[in-house]
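**Q**
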Amino acid sequence: MPVAERVPSLLRNGGFVRLTLARIISVLGNGFARIALAFAVLSLPGASPGELSLVVACQAVPQLVLVLVGGVIADRVSRSGLMAVSDLLGALSYGGLAAVVLGGHAPVAALCALAVTAGIASALFGPAMDGVVPQLVPAEALQRANGLLRVGTNTSLLLGLALSGVTVAWVGAGWALALNGLSFVFSAALTSSLRLSRRPRQSASGWADLREGWREFASRQWLWVVVVQFSLVVAAMNANAGVLGPLAARARFGGARAWSLVVAAQALGSVAGAGIAARARVGRPILAAVLFTLPAALPPVLLGAGAPLWTVAGGAFAAGASLDFFGVLWSTTIQREVPEEALSRVSSYDWFGSLALAPLGLALAGPAADAFGTDRMLVVCAALIVVATLAALLSPGVRSLRASDAYEPVPASDVSVRDQEVPRPSEGVERE
7 MPVAERVPSL LRNGGFVRLT LARIISVLGN GFARIALAFA VLSLPGASPG ELSLVVACQA
67 VPQLVLVLVG GVIADRVSRS GLMAVSDLLG ALSYGGLAAV VLGGHAPVAA LCALAVTAGI
127 ASALFGPAMD GVVPQLVPAE ALQRANGLLR VGTNTSLLLG LALSGVTVAW VGAGWALALN
187 GLSFVFSAAL TSSLRLSRRP RQSASGWADL REGWREFASR QWLWVVVVQF SLVVAAMNAN
247 AGVLGPLAAR ARFGGARAWS LVVAAQALGS VAGAGIAARA RVGRPILAAV LFTLPAALPP
307 VLLGAGAPLW TVAGGAFAAG ASLDFFGVLW STTIQREVPE EALSRVSSYD WFGSLALAPL
367 GLALAGPAAD AFGTDRMLVV CAALIVVATL AALLSPGVRS LRASDAYEPV PASDVSVRDQ
427 EVPRPSEGVE RE
């Protein structure tokens, strides 16, 4: 059934619509920031690849260190309230980055400090966001909801990326960073209006909550195997997106405009991949998701091989489509297989494992490019993605997990979508 036939029922869900609008606005700003931050650092007098690695690693490290704390908090409090707080923290971070860049005095230390604050905001936001969708829509609509949410955010990212290169080239990276800060303010207003229920206190201590979340995570082989796979995949992808790609684009294609074309092509592919995944019927969702990770190796290997810009953009489109097909299947499977009361904690272990090597990859990418050459390190990143993915396919849990018949996509007329953000009957908690 075409996606268009399913959209109206979800659009009648006020909470889902506000969540989608919040994400669209926030991701639009992130599209500007993704290009602007890299070229803001590279534009500093005497800036080196190592300094770029340092700044982006400063954003990744607190996101990794604090994401488990974010999962515990999100399973205890209102997830929508926590998202609003993290949005405001993101607004302060990117507003500060914009101020120092526009002020003409942007020491690396200040950029690093503000990047740390942005990383803290991400650590709080991610696990809360992953647990919100099941509170807004019924289980049988999760795959469509995840797909449509990604279509909206990916389209927004595409627009932001398409405009970011022009903005950076014409008026500078500072204004692009300022727009991202403003987008977080609008997102905070929308997420705070959801007013989802507070979470019941799970135990006397956060440590006990973490142990319970770990038991839920470790008991599912397919879950931890793919997270280990993605710890390597994300490290390689981040090294490419945050450091090696911009370096190659500056050396070979002229800088920000060319790199924004590559990143925008990947975002366009993401729109297509999410749209297809929203209506796909997949009998073995994790097996399919892992297989769809392989095209993520195309952008770095093409860049490293010296391919023309349009070829690299085509590889980025394929990578974007496959990764968002993965993302919809992955999010939906976790939301269906993990108990809702532990969902944010399990999601935080997913985030923690997937991001475990990202700071190391970002920190080493610049010095490694200096020592061995940017092209060679891009090929290494591509090889790492392929090897990690093939290793994950050896897991019986990855190959055998089947989608429950209860969650097969059904006609929109048969889906009862919540019009109000009320707790599930099993939750037994009071609204704020």
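Using the numbering used here, the letters of the sequence shown map in sequence onto residues 7 to 438.
All residues carry an ideal CB built from backbone N, CA and C; glycine is no exception.
All values reported here derive from a predicted model rather than from experimental measurement.
Select from F358, A409 and F45 the residue whose C-alpha is nearest the C-alpha of Q69.
**A** Residue mapping note: residue 69 aligns to position 63 of the sequence shown, counting from 1. The shortest C-alpha separation from Q69 is found at F358.
**Q** Hey, which unbroken runs of the beta strand (DSSP E) at 3 residues or more fall wholly within the stretch 111-144?
**A** Runs found: none.
**Q** Does DSSP put A286 in a helix, a strand or coil?
**A** In the sequence shown, residue 286 corresponds to position 280, counting from 1. Coil, per DSSP.
**Q** Would you report the Cα separation of E414 and P402, rounded to the nearest angstrom?
**A** Your numbering for residue 414 matches position 408 in the sequence shown. Your numbering for residue 402 matches position 396 in the sequence shown. Per-residue confidence for E414 stands at a pLDDT of 43, beneath the threshold of 50, marking its modelled position as unreliable; no derived number is given.
**Q** Can you name the start and end residues of the alpha helix (DSSP H) that P306 belongs to?
**A** Here residue 306 is taken as the residue at index 300 of the sequence shown, counted from 1. Here the alpha helix (DSSP H) through P306 covers L304 to G310.
**Q** In its own chain, which residues sit with a C-beta less than 8 Å from the C-beta of T317, not counting the 5 before and 5 after it?
**A** The count along the sequence shown starts at 1 and reaches residue 317 at position 311. Counting only Cβ-Cβ distances below 8 Å, and skipping sequence neighbours, we find L308.
**Q** Work out the CA separation of V143 and R430 for me, nearest whole Å.
**A** What you label residue 430 is simply residue 424 of the sequence shown in a count that begins at 1. What you label residue 143 is simply residue 137 of the sequence shown in a count that begins at 1. Because the pLDDT at R430 is just 31, under 50, the model does not fix this residue reliably, and the point stays unresolved.
**Q** Just curious, the alpha helix (DSSP H) that G180 is in, first and last residue?
**A** Locating residue 180 in the sequence shown gives position 174, where the first residue counts as 1. That run of the alpha helix (DSSP H) goes A179 to S198.
**Q** Exposed or buried, what is L17 when buried is set at 16 or more other beta-carbons lying within 10 Å of its beta-carbon?
**A** Within the sequence shown, residue 17 is the residue found at index 11, counting from 1. L17 is exposed by the Cβ-count criterion.
**Q** Span of the alpha helix (DSSP H) holding A409?
**A** Walking along the sequence shown from the start, residue 409 turns up at place 403. No alpha helix (DSSP H) holds A409; DSSP gives it neither H nor E.
**Q** Are F332 and T380 touching if we call contact CB-CB under 8 Å?
**A** Translated into the one-based positions of the sequence shown, residue 332 becomes position 326. Translated into the one-based positions of the sequence shown, residue 380 becomes position 374. In this structure, T380 does not lie closer than 8 Å to F332 by Cβ.
**Q** Got a sec? Which residues, its chain only, sit under 8 Å from T442 by beta carbon, not counting five neighbours each side?
**A** Nothing can be reported for residue 442, as the shown portion of the chain is limited to 7 through 438.
**Q** With burial defined as no fewer than 16 other Cβ atoms inside 10 Å of the residue's Cβ, what is the status of L25: buried or exposed?
**A** The count along the sequence shown starts at 1 and reaches residue 25 at position 19. Buried, by the Cβ-count rule.
**Q** Tell me which same chain residues have a C-beta within less than 6 Å of the C-beta of V191, skipping the five on either side of it?
**A** Translated into positions along the sequence shown, residue 191 becomes position 185. Cβ neighbours of V191 beyond the five flanking positions: A97.
**Q** Any heavy atom of the ligand PLP inside 7 Å of the beta-carbon of A283?
**A** Judged by which ligands are present, the structure shown has none, so any question about the ligand PLP falls away.
**Q** Alpha carbon to alpha carbon, what distance is there between A175 and W4?
**A** Any question about residue 4 goes unanswered here, given that the chain covers just 7 to 438.
**Q** So does the stretch 343-356 actually touch the stretch 211-220, counting three or more Cβ pairs closer than 8 Å?
**A** Touching, yes, given that three or more Cβ pairs across the two stretches are closer than 8 Å.
**Q** Does the beta-carbon distance from R29 to G158 come in below 8 Å?
**A** The residue given as residue 29 occupies position 23 in the sequence shown. The residue given as residue 158 occupies position 152 in the sequence shown. Yes, Cβ-Cβ distance for R29 and G158 is below 8 Å.
**Q** Ends of the alpha helix (DSSP H) at P365?
**A** Numbered from its first residue, the sequence shown carries residue 365 at position 359. Start and end: A364 to F378.
**Q** Report the residue from D330, P305 and V67 whose alpha carbon sits nearest the alpha carbon of G320.
**A** Indexing the sequence shown from 1 puts residue 320 at position 314. Answer by Cα proximity: P305.
**Q** Going straight from the alpha carbon of P55 to that of L48, what length do you get?
**A** In the sequence shown, counting from the first residue as 1, residue 55 sits at position 49. In the sequence shown, counting from the first residue as 1, residue 48 sits at position 42. So the two alpha carbons sit approximately 8 Å from each other.
**Q** Between which two residues does the alpha helix (DSSP H) harbouring A80 extend?
**A** Reading the sequence shown from its first residue, position 74 is the one you call residue 80. Unbroken alpha helix (DSSP H) run through A80: P55 to A80.
**Q** Grouping DSSP H, G and I as helix and E and B as strand, with all else coil, what is T299?
**A** To locate residue 299, count along the sequence shown from 1; it is residue 293. T299: coil per DSSP, three-state reduction.
**Q** What residue from L148, L361, T123 and N36 has the CA that sits closest to S237's CA?
**A** For the purposes of this step, residue 237 is identified with residue 231 of the sequence shown, where counting begins at 1. Of the candidates L148, L361, T123 and N36, the one whose C-alpha sits nearest the C-alpha of S237 is L361.
**Q** Note down the Cα distance separating V106 from M243, rounded to an integer number of angstroms.
**A** In the sequence shown, the residue the question calls residue 106 occupies position 100. In the sequence shown, the residue the question calls residue 243 occupies position 237. Approximately 28 Å between the Cα atoms of the pair.
**Q** Should the stretch 64-79 be regarded as contacting the stretch 110-130, the criterion being three or more beta carbon pairs within less than 8 Å?
**A** They touch, by the three-pair rule.
**Q** What residue from I31, V23 and G372 has the CA that sits closest to A247's CA?
**A** Here residue 247 is taken as the residue at index 241 of the sequence shown, counted from 1. For A247, the nearest C-alpha among the options comes from G372.
**Q** Going along the chain, which residues of its own chain have a beta-carbon closer than 7 Å to the beta-carbon of A90, five neighbours each way excluded?
**A** As a working note, residue 90 is residue 84 in the sequence shown. Closer than 7 Å at the Cβ level, and outside the excluded window around A90, lie A194, T197 and S198.
**Q** Which residues in the same chain as Q341 place their Cβ atom closer than 6 Å to its Cβ, once the five residues preceding and following it in sequence are excluded?
**A** The sequence position of residue 341 within the sequence shown is 335, counting from 1. Counting only Cβ-Cβ distances below 6 Å, and skipping sequence neighbours, we find P140 and L148.
**Q** May I ask which residues mark the beginning and end of the alpha helix (DSSP H) holding L400?
**A** On the sequence shown, residue 400 is found 394 positions in, with the first residue counted as 1. Per DSSP, L400 belongs to no alpha helix (DSSP H) and is neither H nor E.
**Q** Which residues mark the beginning and the end of the alpha helix (DSSP H) in which A44 is found?
**A** As a position in the sequence shown, residue 44 is number 38, starting the count at 1. A44 -> alpha helix (DSSP H) spans G20 to L48.
**Q** Would you decide whether W213 is buried or exposed? Buried here means 16 or more other CB atoms lie within 10 Å of its CB.
**A** Along the sequence shown, read from residue 1 onward, the residue named residue 213 stands at position 207. By the neighbour-count rule (16 or more Cβ atoms within 10 Å), W213 is not buried but exposed.
**Q** Taking just the CA atoms, how far does A224 sit from D215?
**A** Residue mapping note: residue 215 aligns to position 209 of the sequence shown, counting from 1. Residue mapping note: residue 224 aligns to position 218 of the sequence shown, counting from 1. So the two alpha carbons sit approximately 14 Å from each other.
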